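Participant: This is the structure I want to talk about, given as structure tokens.
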Amino acid sequence: MFSEMRIRHLIGISLISVLFGIVFFILPVSVDFSITIPGLLFYISFIFYFNYQLKQQHVPVRKVVYTKGIARWIPTIFGIVIVCIVFSLSTFWLFMFSLNSVFPAIVDLILTTDPLPSSPIFLGIEIIVIVILAPIIEEFIFRGVILHRLIKKTSITGGILISSILFGVLHADMIGAFFFGVITSLLFLKTGNLLIPILVHMINNAIAVVLSFITPTWPDWIHIIDKTDIIDNAVPNLIMLAISSVFIGLIVFRLAKGLDPMRIKQLED
């Protein structure tokens, strides 16, 4: 199914969406509109694309997204999300710490808070995009099309690593996003159910949205608001990085262990 879809189609849709986004920023529209609508149109365009592809191949979406057996995965999903968030926060600190001594101006730029829509309507749309649409479409793109196309052209390991690198490059926390991509790729290949990585992605993004509103000050190690926090929180971040790295390694090892090539072959058919 996914192996029949083309990466160049994804690139083409993405480029068209970027052009529309540029147009919206040029037009005399409100800031809320220019922040929210381009992203919404981007994900909606992919909904139409995947719907068209599935109909062309006469493949029901329930072949790869289904609720059967999902209940037993819920504790695992929440555990993975917690570990990924701790790892992502600590690797983000490490990146900021390393960058601060070389390019402090870039650190200031990264730590600048992204504006959220002021209108309740546009804010609601933005939350829907981040928490619901983005996880669904990004999992279809990266763990669906890109992963399977790369597995077909390289190997299982090559497909997982390259697709995860691409996923990481497109996110601010590249290291955390890379390992997130590895874990969600393994989850899909191990279960054949894209709903599991989608739920991991949704819960992760939902927590990120909540944190953007409340800006927690406890525990101290996650409080990275300006450059002084990068230095002051070095020790707890290093501890959390060490602990979460061990758990990330264990998760990857457990998911990769006993990966069934025949199941992966079935997903490609």
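With this note's numbering applied, the sequence shown covers 2 to 270. Cβ atoms here follow ideal geometry from the backbone N, Cα and C, with glycine treated the same way. Nothing here was measured: the structure is a model prediction, and the numbers come from that model.
1. Identify the continuous alpha helix (DSSP H) that holds tryptophan 94 and give its terminal residues.
2. For the 8 Å Cβ check, are there 3 or more pairs between the segment 57-67 and the segment 156-164?
3. Look up valine 62 in the DSSP assignment and say whether it is helix, strand or coil.
4. Write down every uninterrupted run of the alpha helix (DSSP H) in the segment 130-211 whose length is 4 residues or greater and which is fully enclosed by it, in chain order.
5. Taking threonine 192 as the reference, which of Asp230, Arg144, Trp94 and Ala106 has the closest Cα?
6. For my contact list, phenylalanine 49 and phenylalanine 141 are in at a C-beta cut-off of 8 Å; report their separation, rounded to the angstrom.
7. Is it true that the CB of phenylalanine 189 sits closer than 9 Å to the CB of isoleucine 249?
8. Under 9 Å between C-beta atoms, does leucine 90 make it to chain C?
9. Just verifying my parser: in three-state terms, what is the DSSP assignment at leucine 11?
10. In the structure shown, what three-state DSSP assignment does aspartate 109 receive?
11. Thinking C-beta only, is isoleucine 71 closer than 9 Å to isoleucine 197?
12. I need the straight-line Cα distance from histidine 10 to glutamine 58, nearest angstrom please.
13. Can you tell me whether DSSP reads valine 30 as helix, strand or coil?
14. Nearest to phenylalanine 168 by alpha carbon, out of Ile240, Ala135 and Leu200?
15. Would you grab the beta carbon distance between asparagine 206 and valine 132 for me? Rounded to a whole angstrom, and I think it's under 8 Å.
16. Which of helix, strand or coil does DSSP assign to proline 118?
17. Any chance you could list the alpha helix (DSSP H) runs of at least 4 consecutive residues sitting entirely within the segment 217-262, in chain order?
18. Given a cut-off of 9 Å on the beta-carbon distance, is the pair serine 284 and phenylalanine 43 in contact?
19. For glycine 1, does the count of other Cβ atoms within 10 angstroms reach 16, so buried, or fall short, so exposed?
20. How long is the line joining the alpha carbons of isoleucine 231 and serine 119, rounded to whole angstroms?
21. Could you pull out every residue in the same chain whose Cβ sits closer than 7 Å to the Cβ of isoleucine 126, ignoring the five residues on either side in sequence?
22. Could you pull out every residue in the same chain whose Cβ sits closer than 8 Å to the Cβ of valine 130, ignoring the five residues on either side in sequence?
23. Within its chain, find whatever has a CB closer than 6 Å to the CB of isoleucine 138; leave out the 5 residues flanking it on each side and keep chain order.
24. Helix, strand or coil, according to DSSP, for lysine 69 in the structure here?
25. Nearest-angstrom Cα distance between alanine 235 and isoleucine 81?
Facilitator: Judging by the given coordinates:
1. Where tryptophan 94 is concerned, the enclosing alpha helix (DSSP H) stretches over 75-101.
2. In short, these stretches do not touch, since the Cβ pair count stays below three.
3. It is helical.
4. Within the segment 130-211, the complete alpha helix (DSSP H) runs of at least 4 residues fall at 135-139, 148-154, 157-170 and 175-192.
5. The shortest Cα separation from threonine 192 among Asp230, Arg144, Trp94 and Ala106 belongs to Arg144.
6. Not confirmed; about 12 Å, so no contact.
7. At the C-beta level, isoleucine 249 and phenylalanine 189 stay beyond 9 Å of one another.
8. In the structure shown, chain C cannot be found, because there is only a single protein chain.
9. Helix at leucine 11.
10. Of the three classes helix, strand and coil, the one that applies to aspartate 109 here is helix, per DSSP.
11. Here isoleucine 197 is near isoleucine 71, since their CB atoms are less than 9 Å apart.
12. Looking at the two C-alpha atoms, the distance is approximately 16 Å.
13. Coil at valine 30, not helix or strand.
14. If we check each option's Cα against that of phenylalanine 168, Ala135 comes out closest.
15. Going by Cβ atoms, the distance from asparagine 206 to valine 132 rounds to 5 Å, so yes, they are a contact pair.
16. It is coil, neither helix nor strand.
17. Within the segment 217-262, the complete alpha helix (DSSP H) runs of at least 4 residues are 228-233 and 235-257.
18. Limits of the chain in this structure are 2 at one end and 270 at the other, which puts residue 284 out of reach.
19. With the chain covering 2 to 270 only, the question about residue 1 has no answer from this structure.
20. It is roughly 29 Å from the alpha-carbon of isoleucine 231 to the alpha-carbon of serine 119.
21. Same-chain partners within the cutoff: Thr37 and Leu41.
22. So the qualifying residues of the chain are Thr37, Gly40, Leu41 and Tyr44.
23. For isoleucine 138, same chain residues with a beta-carbon under 6 Å away, outside a window of 5 residues either side, are Tyr44 and Phe47 in chain order.
24. Judged by DSSP in its simplified three-state form, lysine 69 adopts coil rather than helix or strand.
25. C-alpha separation (whole angstroms): 24 Å.
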